[in-house]
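The sequence shown runs 1 to 62 under the working numbering.
Beta carbons are placed, not taken as given, at the ideal position from N, Cα and C, and that holds for glycine.
Since we're looking at a predicted model, the values are computed, not measured.
Single-structure report; data block below.
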Amino acid sequence: MKAHPGRQRTPPIATTSAIFTRHVLEVKTDNPLSGELREGIRLEWKRLHSLEEIESNIGILR
C-alpha cells in the first residue's frame with residue numbers, strides 16, 4: 001500500500017480489508033528495511049528486551 005502524500009494533495013485515504021494478526025510492524029517508507037519486506041517473510045528477534053528496557057525506551061521517545 002502506498003504512503004498517503006499528506007496535506008500536499010488530499011486524495012481519499014487508501015484502505016484494505018480487515019486482517020487479523022498478532023503483531024504489526026510499522027516502518028517508514030524511507031527506511032531501507034521497507035524495500036526488503038515482502039508478504040510472508042519471517043522475521044526473527046535478535047534479542048529479547050525486558051519490560052524495564054522497553055519502558056525506559058518509551059520515556060526517551062516522549
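Hey, out of the options, whose CA is closest to residue i's CA?
i   : options          : result
V24 : R42, I13 and K46 : R42
Is DSSP giving residue i helix, strand or coil here?
i   : result
E53 : helix
S17 : coil
P12 : coil
G35 : helix
I58 : helix
Who are the Cβ neighbours of residue i in its own chain at under 7 Å, not counting the five residues just before and after it?
i   : result
R38 : none
W45 : none
Skipping 5 residues on each side, what residues in its chain have a beta carbon closer than 6 Å to that of residue i?
i   : result
S17 : none
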